[in-house]
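First residue of the sequence shown: 0, per numbering that gives the first Met the number 0; consecutive thereafter.
Beta carbons: idealized from backbone N, C-alpha and C, even for Gly.
Since the model is a prediction, treat every value here as computed from it, not as a measurement.
Written below as structure tokens is the structure these notes are about.
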Amino acid sequence: MSFVRRVSFTPSQVQRRVADARSTRWDEHRVEVRAQLVDATIRIIERYGAGVSMDDIAAEARVSKPKLYRYFGDKAGLNAAVAAKLGALMWDSAKITILADQDYLSVDDMVRSSVQSYVTLVGQYPTVVRFLMANHLFQYSGSGNGGVADELRSVMEVVADRFTESLQRVHADTSVIPMAVASILGSGLSATQWWIDNGREQGVDDTFFAAHLSETTWGIIDGAAATVGVAFSRSLPFSHPGFASRHKID
Numbered sequence: 000m001s002f003v004r005r006v007s008f009t010p011s012q013v014q015r016r017v018a019d020a021r022s023t024r025w026d027e028h029r030v031e032v033r034a035q036l037v038d039a040t041i042r043i044i045e046r047y048g049a050g051v052s053m054d055d056i057a058a059e060a061r062v063s064k065p066k067l068y069r070y071f072g073d074k075a076g077l078n079a080a081v082a083a084k085l086g087a088l089m090w091d092s093a094k095i096t097i098l099a100d101q102d103y104l105s106v107d108d109m110v111r112s113s114v115q116s117y118v119t120l121v122g123q124y125p126t127v128v129r130f131l132m133a134n135h136l137f138q139y140s141g142s143g144n145g146g147v148a149d150e151l152r153s154v155m156e157v158v159a160d161r162f163t164e165s166l167q168r169v170h171a172d173t174s175v176i177p178m179a180v181a182s183i184l185g186s187g188l189s190a191t192q193w194w195i196d197n198g199r200e201q202g203v204d205d206t207f208f209a210a211h212l213s214e215t216t217w218g219i220i221d222g223a224a225a226t227v228g229v230a231f232s233r234s235l236p237f238s239h240p241g242f243a244s245r246h247k248i249d
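Written out as structure tokens, the structure is:
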């Protein structure tokens, strides 16, 4: 003899489950619509420049202007959403390199590949980057809410942790790492602004600019390491025991 357990639900439980399902579908719909509106904003800024209005954006997205305000509150809210989208794109483009094969890929190859991914993305959306910089949504804030550079810092922190581990292995002072990260961000963002405002027009292509950023990055890393009596062998992976070595400070 088999028994089938009958499960009964009260009307209130059924109503709550239906309401929860509807809420979930509505939340997913809002996320999808927000993403579409942000993509439309990026397209029209890249096409016409930073002077686009909410009317222009609404026309590009084929929605009413009140709908834009309903989803973002105001123009500042929409601008912040654009910054978040570009930051997410930068994280996605970099993590492929920095999260894979760190124990086998040379640190130099990893740095150069990550920098090239960043430069390629900036070159794809130069007007949007210029727009975000003008609205102070690209810079590093230190709070995690400043803009695209906060995502860049998240990328750098993954790599910085490995440099910290390397310094710890040779019993060196690791306090130079946060200073190096701040220096790399500051110089990199300044150079990026020059490149999109002037460099590209002067014939500095993305390959040359990426090479410049890579060497500048290594200059800061090597300088920071030298202050604590350490040298890094960039041709080696992080896991190699010879990647970091002590030397005497003059």
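Nearest-angstrom Cβ-Cβ length linking A223 and A190, presumed shorter than 8 Å:
Here residue 223 refers to the residue found at position 224 when the sequence shown is read from its first residue. Here residue 190 refers to the residue found at position 191 when the sequence shown is read from its first residue. Contact doesn't hold; Cβ gap of about 18 Å is too wide.
Beta-bridge pairing of V229 - partner residues as DSSP gives them
Along the sequence shown, one-based indexing puts residue 229 at 230. Bridge partners of V229: R245.
With 16 as the cutoff for other CB atoms within 10 Å, does V127 come out buried or exposed?
Taking the first residue of the sequence shown as position 1, residue 127 is located at position 128. Buried.
Give every residue of the same chain whose Cβ lies closer than 6 Å to the Cβ of R129, excluding the five residues on either side of it in the sequence, and list them in chain order.
As a working note, residue 129 is residue 130 in the sequence shown. Counting only Cβ-Cβ distances below 6 Å, and skipping sequence neighbours, we find I195.
So the candidates are F137, S116 and L85; which of them puts its Cα closest to the Cα of L212?
By 1-based counting over the sequence shown, the position of residue 212 is 213. Taking only the C-alpha atoms, the option nearest L212 is S116.
Unbroken alpha helix (DSSP H) run spanning V114, endpoints
For this step, residue 114 is matched to residue 115 along the sequence shown. V106 to Q123 is the extent of the alpha helix (DSSP H) around V114.
Looking only at its chain, what residues have a beta carbon closer than 8 Å to the beta carbon of A133, apart from the 5 residues adjacent to it on each side?
The residue you call residue 133 lines up with position 134 of the sequence shown. For A133, where only same-chain residues beyond five positions count, the Cβ hits under 8 Å are A49.
Kindly indicate which residue of S112, A75 and S105 has the alpha-carbon position closest to the one of L136.
For this step, residue 136 is matched to residue 137 along the sequence shown. The candidate whose alpha carbon is nearest that of L136 is A75.
Verify whether the separation of the beta carbon atoms of S244 and V169 is less than 8 Å.
By one-based count along the sequence shown, residue 244 stands at place 245. By one-based count along the sequence shown, residue 169 stands at place 170. Against a cut-off of 8 Å, the Cβ pair of V169 and S244 comes out as a contact.
Continuous alpha helix (DSSP H) stretch holding E150: start and end:
Position 151 of the sequence shown holds residue 150. Start and end: V147 to R168.
Between P125 and R199, is the Cβ-Cβ spacing less than 8 Å?
Numbered from 1 along the sequence shown, position 126 holds the residue referred to as residue 125. Numbered from 1 along the sequence shown, position 200 holds the residue referred to as residue 199. Contact flag set, yes.
Segment contact, 8 Å Cβ cut-off, at least three pairs: the segment 64–84 with the segment 26–35
yes
Mapping the DSSP letters down to three states, classify E59 as helix, strand or coil.
Numbered from its first residue, the sequence shown carries residue 59 at position 60. It is helical.
How is Q201 classed by DSSP in three states: helix, strand or coil?
The count along the sequence shown starts at 1 and reaches residue 201 at position 202. Of the three classes helix, strand and coil, the one that applies to Q201 here is coil, per DSSP.
Name the residue from I219, L67, E214 and S113 whose alpha carbon lies nearest to the alpha carbon of S153.
The residue you call residue 153 lines up with position 154 of the sequence shown. Nearest C-alpha to S153: S113.
Separation of I97 from M109, as counted between CA atoms
Position 110 of the sequence shown, counted from the first residue, corresponds to residue 109. Position 98 of the sequence shown, counted from the first residue, corresponds to residue 97. Going from the Cα of M109 to the Cα of I97 covers about 7 Å.
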